[in-house]
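For reference, each letter of the sequence shown is one residue, going -22 to -1, 1 to 622 in mature numbering (1 follows the signal peptide of the UniProt record, and there is no 0). Backbone N, C-alpha and C fix where the C-beta goes; we use that ideal spot for every residue, glycine too. Bear in mind that the values here come from a model prediction, so they are computed numbers and not experimental data.
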Amino acid sequence: MKLSKLFLVALVGMLLAGMARAADIRTDDIRFGALCYHDVVDESPQGLARGEQVFVGEMQRQYFPQTITVQKLVAHFNWLKANGYTPVSWQQVEDARAGRSRLPEKPVLLTFDDGYESFYRLVFPLLKAYQYPAVFAVVTGWLDTPSGGSIAYGNRQLPRSAFVSWAQIREMQQSGLVEIASHTDDLHRSLIGNPFGSQFAAVMPGNYRNGRYETEAEYRNRIRTDFRRSADSIARNTGKRPRVLVWPYGQFNETAVAIAREEGFDSDLTLNDRKANTAQTRNVGRELIDQESNLGFIKDYLEARLFDHGMERVVHVDLDYVYDTDARQMERNFDKLVERIANYGATTVYLQAYADDDGNGVAEAVYFPNRHIKMKADLFSRTAWQLITRAGVKVYAWMPMMAFDLGEGHEYVAHNQTGRPDPKHYLRLSPYNDTNRRKVAEIYRDLAFHSRFNGILFHDDGFLTDYEDPRHAVTQTQAAAEAKTDDLIAYSDGLKQALLAYSFNGADKLQTARNVYASILTDAEAEKWFAQSLPKFTRHYDYTAIMAMPYMEHEEPISPAEAKRWLKELAGTVKQSGVPLEKTLFELQASNWRTEKPIPDAELAGWMQLLKQEGIRNFGYYPDDFLNDRPSMQALRPYFSLRR
């Protein structure tokens, strides 16, 4: 009996020790980078001769996007080896995730996309020679094409022989060095995404055919069918279902991720995502590598030393200026906007997604399909995408939080004493009404379903005055004001969550910005007036756009010298507040709405120069009259542009 007790004590001790070791492994914080390669060519004389023999009559020295030479790849492999990096298999990542082992020091994941035949012919022999494992992502629809057939690749037709065979895949998988991942079955292509013919990655929603958009249900079914078909094909041809999904073009959304998990893909790989991956990361970021990627770039990426310049230059654009009842004039307006932004040196456009014909700041209509409010024109999707792809800027959808006119039968924010909306302020839906919250969230969800954009700018309508909302104390205490501030932040979180179902590349990529009135900074009592707080906003949003508009803030006319002095004092107040300056953005006024005249170019440029001198990193202006070149791009570019 005593022996049995001793045995049990020893056994418990061993189990506890094992659990402790597993916990140590499981909490391991080792980070790994992931390198994304595509096609590989051999440009040596011998390699070129062999390549010509392989592809005679079919494909002579084909160069795909991101093609890299085998000589460059060997240099990368040698550099990894010389600098102590250990390429890891996907199984090692899975084992570390499960706590069965830990990743080695300086791990790196090698990945190759698209399924080119060069992987078998050129890369696989190198993997065997170096004993380096890799993930190989294949498009099953391409591989299931019969021998001698052709494959639609962008705007070209490629021979089936441009890609590996299933027999070659089985051989590589059986080596233990190659993990076969799905690159989808038929989503490595573009689909038309709006009436103007904009091309979006097929994994994204809103396919536009025969005069209508697909529905949410149709989209989910399309994605699920593709994922299942791809997994079934890999399982049928290799005997093993894939664990990893690699997004074509690196594009995805949270709805597609959820479907992938339901279909058995426990992890997915993105592109151009420089986050530090751990074994617990299921949405694994990778860096795209091509012939121009030098060893210094790879070193900086693997050491997590790649950073953006971190400065913002914002042009705040009214889509109302683009819209015209004359389609030809609207096309000219559109081209003017895109050309101007492309040549300006801006980083970001805050693009109006709602219509405001009477200029009262309230949305009576929007520029995208939705289920609750009139669509003035289906214009936002195309404009945003062209600005992103042609002008090379980020686009934030500029949307009201509460200022939607949905007609009668809705609860609007009311003055506590009159019980009616205050005519001095925006007409705003009550954020405390369940129906209002649901409808506004669905409008935001529809925006994300039909458009691609990088962030959201919450309009300056997100406020509650000291005489609005009876749910908090009628006596306007600081505590009541802070509670309303928190309520509106939580309300905006709900709107962000609505966007995340379909937004471009998931939660990590959707940036948030929110307007704040300058008076919040200059008057200690102002939070009671508006339920806004700079410290809370900078903690919660990626950017807080301070409305640094001197002529708007003063009821009586002021001189240019007084305006400049006010702006300098505002910058000083923000710096002294202790909030992170990199999370603030000063939004200047390009128009004096009291005089109905534009701000002179020299004055606006002087404000920008002042902000730079004060150490303000991020600034922009509103409005931009791109139709009349106001402000003058030539005059402002030296003070505004971030281009060297």
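Asked                                                                                                                                                                 : Found
Do Asp204 and Thr162 have their beta-carbon atoms positioned less than 7 Å apart in this structure?                                                                   : yes
Inspect the CB distances between the region 88 to 101 and the region 180 to 198 and report whether three or more fall short of 8 Å.                                   : no
Between Leu88 and Ala107, how many whole angstroms is the CB-CB distance? I'm expecting something under 8 Å.                                                          : Leu88 to Ala107, Cβ: 14 Å. No contact.
If I'm right that Pro226 touches Ile158 with Cβ under 8 Å, what's the distance once you round it to whole angstroms?                                                  : That belief does not hold up - the Cβ atoms of Pro226 and Ile158 are roughly 16 Å apart, past 8 Å.
Starting from the N-terminal side, write out each stretch of the alpha helix (DSSP H) that is 4 residues or longer and does not extend beyond the region 248 to 276.  : none
Would the beta-carbon of Arg9 fall within 7 Å of that of Ala392?                                                                                                      : no
At 3 residues or longer, and completely inside the region 53 to 103: list those beta strand (DSSP E) runs for me, N to C.                                             : 85 to 92
What do you get for Ser153, buried or exposed, if any count of 16 or more other CB atoms within 10 angstroms of its CB means buried?                                  : exposed
Using CA coordinates, which residue listed in Val181, Glu196 and Trp144 is at the minimum distance from Arg214?                                                       : Trp144
Ile351 to Gly385, Cα distance in whole Å?                                                                                                                             : 9 Å
Applying the 10 Å Cβ sphere with the 16-neighbour rule, what's the burial state of Thr522?                                                                            : buried
Which word fits Arg406, buried or exposed, when buried means at least 16 other C-beta atoms lie within 10 angstroms of its C-beta?                                    : buried
When the Cβ atoms of the region 425 to 445 are set against those of the region 372 to 380, are three or more pairs found closer than 8 Å?                             : yes
Distance check for Thr233 and Ile467, CA to CA, integer angstroms please.                                                                                             : 24 Å
On the three-state DSSP scale, how would you describe Trp144?                                                                                                         : helix
For Ala257 and Gly484, I'd like the C-alpha separation in whole angstroms.                                                                                            : 20 Å
Taking 6 Å as the limit between beta carbons, can you name the residues of its chain near Leu247, skipping five residues before and five after?                       : Val224, Val262 and Arg264
Report yes if the C-beta distance between Leu548 and Ala496 is below 7 Å; otherwise report no.                                                                        : yes
Are any of the Cβ atoms in chain B nearer than 7 Å to that of Thr259?                                                                                                 : Although the question refers to chain B, the structure presented lacks it and comprises just one protein chain.
Where does Ala236 land, buried or exposed, given buried means 16+ other C-beta within 10 angstroms?                                                                   : exposed
Cα-Cα, which of Arg80, Asn432, Glu281 and Pro578 is closest to residue 708?                                                                                           : Only positions -22 to 622 of the chain appear in the structure, and residue 708 is not among them; the question remains open.
If we count the other Cβ atoms within 10 Å of its Cβ and call it buried at 16 or more, is Leu(-17) buried or exposed?                                                 : Here Leu(-17) scores only 39 on pLDDT, less than 50, and its place in the model is too uncertain to base an answer on.
Are Ala476 and Arg423 closer than 7 Å when you measure CB to CB?                                                                                                      : yes
Return the chain-ordered list of same chain residues with a C-beta closer than 7 Å to the C-beta of Leu614, the five sequence neighbours on each side being excluded. : Asp579, Leu582 and Ala583
Buried or exposed for Met586, please, with buried defined as at least 16 other CB atoms from any protein chain shown within 10 angstroms of its CB.                   : buried
Skipping 5 residues on each side, what residues in its chain have a beta carbon closer than 6 Å to that of His518?                                                    : Ile467
Below 8 Å, can you find three or more Cβ-Cβ pairs linking the region 590 to 602 to the region 280 to 297?                                                             : yes
Hey, how far is the Cα of residue 626 from the Cα of Val222?                                                                                                          : The structure shown does not extend to residue 626, since the chain spans only -22 to 622, so no value can be given for it.
Ends of the beta strand (DSSP E) at Lys372?                                                                                                                           : Lys372 to Met377
In this structure, how does DSSP classify Gln612 when only helix, strand and coil are distinguished?                                                                  : helix
Note the first and the last residue of the continuous beta strand (DSSP E) segment covering His294.                                                                   : Arg291 to Val295
In chain order, what residues of the same chain have a beta carbon less than 7 Å from the beta carbon of Gln395, not counting five sequence neighbours either side?   : Tyr445
With H, G and I counted as helix, E and B as strand and the rest as coil, what does DSSP make of Asn493?                                                              : strand
Near Thr551, which residues of its chain fall below 6 Å by C-beta distance, leaving aside the five closest residues on each side in sequence?                         : Leu499
Determine the burial state of Trp571: buried for a count of at least 16 other Cβ atoms within 10 Å of its Cβ, exposed for fewer.                                      : exposed
Given that a residue counts as buried once 16 or more other Cβ atoms are within 10 Å of its Cβ, and exposed if not, what is Asn250?                                   : exposed
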